């Protein structure tokens, strides 16, 4: 669901997305890094 936010809102959701990642890093750092990488890839597709 987290990546759905990126697809739907793109750059508009950046602050909220990174706030969620900050929270998620406490549970699983490696997966949070993957989510950040996916988010950046999604933003690059939009350009």
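Numbering (the numbering used here), first residue to last: 1 to 47. Yeah, the Cβ is synthetic: ideal placement off N, Cα and C, and Gly gets one too. Computed from a predicted model, the values in this text were never measured in an experiment.
Member of the options whose CA lies at the smallest distance from the CA of residue i
i: residue 35; options: 44, 45, 46, 18; result: 18
Residue j beta carbon less than 8 Å from that of residue i
i: residue 16; j: residue 24; result: no
i: residue 3; j: residue 38; result: yes
i: residue 11; j: residue 40; result: no
Under the three-state DSSP convention, the category residue i falls into
i: residue 19; result: helix
i: residue 34; result: helix
i: residue 26; result: coil
Straight-line gap, residue i to residue j (C-alpha atoms, nearest Å)
i: residue 29; j: residue 20; result: 12 Å
i: residue 27; j: residue 14; result: 20 Å
i: residue 45; j: residue 1; result: 19 Å
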